[in-house]
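Before any comments, here is the structure.
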Amino acid sequence: NAGVTQTPKFQVLKTGQSMTLQCAQDMNHNSMYWYRQDPGMGLRLIYYSASEGTTDKGEVPNGYNVSRLNKREFSLRLESAAPSQTSVYFCAIAQVLEAFFGQGTRLTVV
Amino acid sequence: AQTVTQSQPEMSVQEAETVTLSCTYDTSENNYYLFWYKQPPSRQMILVIRQEAYKQQNATENRFSVNFQKAAKSFSLKISDSQLGDTAMYFCAFMRTSYDKVIFGPGTSLSVIP
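Residue numbers (my numbering), protein chains in the order written: chain V, 3 to 112; chain S, 3 to 116.
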């Protein structure tokens, strides 16, 4: 996980609350990604950013927003959390022949 | 769109034995990259092995090797001399270009039994 830091590691939210997951990388890489991991479904792409100032929807973007603040940081926001968003979230960067991941955030929405 | 399929949700193997995890994928691309990632209970995502589609030779990393069949769009992982530390979720993954998003399969949960 060297080079990709995401916070927090754990979070419990009530339905309707909002929160922002933070991700920062020190590998000076252009592309950053947010995935969610659910049992039996692998990692599914929520949003990605190919470069500073650009963001694109992935496979499951509904209920999320993102912000590429600068080259280092890529945040994921839940405006009104729902139980269906209970999941483990990973931030990642992709570089030549490998993707690097943060430690993951376990989010529970009750 | 690219898709990755892993048909074995769970597998088990005796310690020191060999096990093969299956993966198939669908793409219209000719050049791409394939990966196997390991996720132990710590949740960390660890790259196990990768294969570049333009290379015919199967990749090998110590006890881990792949059987890459490009025409069949198959990419299986063989783990030899299985160890207890190999117990983990294993994800097959696809990347269209070297800086593209990574697409994952649903995963195979592997248990190594003492």
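Heads up, the beta-carbon is just placed ideally off N, CA and C, and yes, glycines get one too. Computed from a predicted structure; not experimentally measured.
Interface flag, residue i vs chain V, CB-CB below 9 angstroms
{"i": "S:Ala-95", "result": "yes"}
{"i": "S:Arg-45", "result": "yes"}
{"i": "S:Glu-54", "result": "yes"}
{"i": "S:Lys-75", "result": "no"}
{"i": "S:Gln-8", "result": "yes"}
{"i": "S:Val-68", "result": "no"}
{"i": "S:Pro-116", "result": "no"}
Residue-level contact to chain S via CB, residue i, 9 angstroms cutoff
{"i": "V:Asn-3", "result": "Annotation note: pLDDT 45 at V:Asn-3 (below 50); position unreliable, coordinate value reported separately. Yes, V:Asn-3 lies at the interface with chain S (some Cβ there is under 9 angstroms from its Cβ)."}
{"i": "V:Gly-55", "result": "no"}
{"i": "V:Tyr-66", "result": "no"}
{"i": "V:Arg-90", "result": "It should be noted that the sequence gives Val, not Arg, for residue 90 of chain V. Yes, its Cβ sits closer than 9 angstroms to a Cβ of chain S."}
{"i": "V:Glu-100", "result": "yes"}
{"i": "V:Gln-13", "result": "no"}
{"i": "V:Gln-87", "result": "no"}
{"i": "V:Gln-105", "result": "yes"}
{"i": "V:Arg-108", "result": "yes"}
Residue i versus the options, residue with shortest Cα-Cα distance
{"i": "V:Glu-81", "options": "V:Lys-11, V:Gln-19, V:Leu-15 and V:Gly-5", "result": "V:Gln-19"}
{"i": "S:Arg-52", "options": "S:Gln-8, S:Ala-95, S:Thr-29 and S:Val-21", "result": "S:Ala-95"}
{"i": "S:Asp-88", "options": "S:Glu-54, S:Gly-107, S:Ala-61 and S:Ser-44", "result": "S:Ser-44"}
{"i": "S:Leu-49", "options": "S:Ala-55, S:Tyr-56, S:Thr-62 and S:Thr-7", "result": "S:Thr-62"}
{"i": "S:Met-91", "options": "V:Gln-13, V:Gly-42 and V:Met-34", "result": "V:Gly-42"}
{"i": "V:Thr-64", "options": "V:Thr-56, V:Phe-76, V:Trp-36 and V:Asn-32", "result": "The amino acid at residue 64 of chain V is misidentified as Thr; the sequence shows Asn. It is V:Trp-36 whose Cα lies nearest to the Cα of V:Asn-64."}
{"i": "V:Pro-85", "options": "V:Gln-97, V:Arg-46 and V:Val-111", "result": "V:Val-111"}
{"i": "S:Glu-17", "options": "S:Ile-81, S:Thr-7, S:Pro-42 and S:Gln-41", "result": "S:Ile-81"}
{"i": "V:Met-29", "options": "V:Leu-47, V:Ala-94, V:Thr-57 and V:Ser-77", "result": "V:Ala-94"}
With 16 other Cβ atoms within 10 Å as the buried cut-off, status of residue i
{"i": "S:Lys-103", "result": "buried"}
{"i": "S:Val-114", "result": "buried"}
Under 9 angstroms between C-beta atoms of residue i and residue j
{"i": "S:Tyr-39", "j": "S:Met-47", "result": "yes"}
Members of the region 15-49 of chain S that neighbour chain V once the beta carbon cut-off is set at 7 angstroms = Tyr-35, Arg-45, Gln-46, Met-47 and Leu-49
Against chain S: residues of the region 23-51 of chain V by CB proximity under 9 angstroms = His-31, Asn-32, Ser-33, Tyr-35, Tyr-37, Gln-39, Pro-41, Gly-42, Met-43, Gly-44, Leu-45, Arg-46, Leu-47 and Tyr-50
Residues in the region 99-114 of chain S with C-beta within 9 angstroms of chain V's C-beta atoms, listed in sequence order?
-> Cβ contacts with chain V come from Ser-100, Tyr-101, Asp-102, Lys-103, Val-104, Ile-105, Phe-106, Gly-107, Pro-108 and Gly-109.
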